[in-house]
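Undergrad:
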């Protein structure tokens, strides 16, 4: 007797597989949505209550089971109230999915804005000889160094960067670390390089910039407080005294993705829905 594999792929089987995949998708993105928020502890509490309900039913604890059933029944309303900020945030992200605009172009606009804000800050600080150390995370994570700084988690603006590095302010020492177009931390400590090729005229900020470039693929911008010169480091290499045109050309080449052909709207919609729960 031969087994017919084709009989497995009925509409019922496919619908079950689809049901499991959709459920997994929403659970996966829900965990990403609430990760790092107070909702995590509340979610753990709900899971414990549901586990207790299962155990109470198995042990035939009638009164306990009744009480837990009431809690679970009313918890639906409680979840909506408790998780209201996370639900609102998720719906807002889903609402930003556009059928008519390409997410790649939107990403490119954000990258261009990042370069503009960096340029605004660099020009202001360079002309006034305000020292600055700005590190932009690439593929290699910088969590080890983020932990040494003071958390900000703010949008990158020229004004914010300038205020951070104003002399004699609490955050002006150390590095700013930028990830995903946001200032993660300020006043972070970076490893100092002992590279003998670094000119003695360059100070601690430059050695820190070269040091982080030797152990990660991060791009670091330094503004000298002695000369106002702009230096960029990456992969153990450093480019000193760059003009505005030179550093803008480099930053755009490294940070701004090339413009791609606009994708059909069904693909853009699918990609937008897939990424709705990402932070």
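In this note's numbering, the protein residues as written are 2 to 280. C-beta: ideal position from N, C-alpha, C; glycine also. Given the structure is predicted, the values throughout are model-derived calculations rather than measurements.
Return the CA-CA distance between residue 134 and residue 28, expressed in angstroms with no decimal places.
TA: 40 angstroms
Undergrad: When you compare the CB positions of residue 146 and residue 189, do they come within less than 8 angstroms of one another, or not?
TA: yes
Undergrad: Are the beta-carbon atoms belonging to residue 257 and residue 85 less than 8 angstroms from one another?
TA: The answer is no: Cβ separation not under 8 angstroms.
Undergrad: Restricting to Cα atoms, I'd like to know which of 72, 115, 125 is closest to residue 224.
TA: 125
Undergrad: Give the range of the alpha helix (DSSP H) segment to which residue 130 is assigned.
TA: From DSSP, residue 130 is part of no alpha helix (DSSP H); its letter is neither H nor E.
Undergrad: Here's a check: name, in chain order, each residue in its chain whose Cβ is nearer than 7 angstroms to the Cβ of residue 172, leaving out the five neighbours to either side.
TA: Excluding sequence neighbours, residue 172 sits near 151, 165, 187, 188.
Undergrad: Short check: CB of residue 219 to CB of residue 137, under 8 angstroms?
TA: Going by C-beta atoms, residue 219 is nearer than 8 angstroms to residue 137.
Undergrad: Excluding five sequence neighbours on each side, which residues of the same chain lie with their C-beta closer than 7 angstroms to the C-beta of residue 226?
TA: 130, 131, 132
Undergrad: Using the DSSP secondary-structure output, state which residues sit across from residue 281 in a beta bridge.
TA: Absent from the structure is residue 281, since the part of the chain shown begins at 2 and ends at 280.
Undergrad: Rounded to whole angstroms, how far is the Cβ of residue 156 from the Cβ of residue 183, which I believe are closer than 8 angstroms?
TA: Right, their Cβ atoms sit about 6 angstroms apart.
Undergrad: I'd like the span of the beta strand (DSSP E) that includes residue 222, first residue to last.
TA: 220 to 224
Undergrad: Give a yes or no on whether the C-beta atoms belonging to residue 57 and residue 49 are separated by under 8 angstroms.
TA: no
Undergrad: Assign residue 82 to one of two classes, buried (16 or more other C-beta atoms within 10 Å of its C-beta) or exposed (fewer than that).
TA: exposed
Undergrad: Along the chain, where does the beta strand (DSSP E) containing residue 199 start, and where does it finish?
TA: Taken as a continuous stretch (DSSP letters only), residue 199 belongs to no beta strand (DSSP E), as it is neither H nor E.
Undergrad: Identify the continuous alpha helix (DSSP H) that holds residue 205 and give its terminal residues.
TA: 205 to 216
Undergrad: Round the Cβ separation of residue 214 and residue 205 to the nearest angstrom and send it over; I've been treating them as touching at under 8 angstroms.
TA: Their Cβ separation, rounded to whole angstroms, is 15 angstroms, which puts residue 214 and residue 205 out of contact at 8 angstroms.
Undergrad: Which residues in the same chain as residue 118 place their Cβ atom closer than 8 angstroms to its Cβ, once the five residues preceding and following it in sequence are excluded?
TA: 157, 158, 159, 162.
Undergrad: The beta strand (DSSP E) that contains residue 245, what's its start and end?
TA: First-last for residue 245: 245 to 256, but that is the alpha helix (DSSP H), not the beta strand (DSSP E).
Undergrad: Could you say which of 212, 201, 141 lies nearest to residue 176 if we only look at CA atoms?
TA: Ranking the options by Cα distance to residue 176, first place goes to 212.
Undergrad: Taking only three categories from DSSP, how would you classify residue 135?
TA: For residue 135, the three-state secondary structure derived from DSSP is strand.
Undergrad: Which of helix, strand or coil does DSSP assign to residue 167?
TA: coil
Undergrad: Would you call residue 26 buried or exposed, if buried means 16 or more other Cβ atoms sit within 10 Å of its Cβ?
TA: exposed
Undergrad: Residue 179: buried (16+ other C-beta within 10 angstroms of its C-beta) or exposed?
TA: With 16 or more Cβ atoms within 10 Å of its Cβ, residue 179 is classed as buried.
Undergrad: Less than 8 angstroms between the C-beta atoms of residue 123 and residue 231, yes or no?
TA: yes
Undergrad: Please report how far the alpha carbon of residue 195 lies from the alpha carbon of residue 207, in whole angstroms.
TA: 11 angstroms
Undergrad: What residue range is occupied by the uninterrupted alpha helix (DSSP H) comprising residue 286?
TA: Residue 286 is absent from the structure shown; the chain starts at 2 and stops at 280.
Undergrad: State the DSSP-derived secondary structure class of residue 189, mapped to helix, strand or coil.
TA: strand
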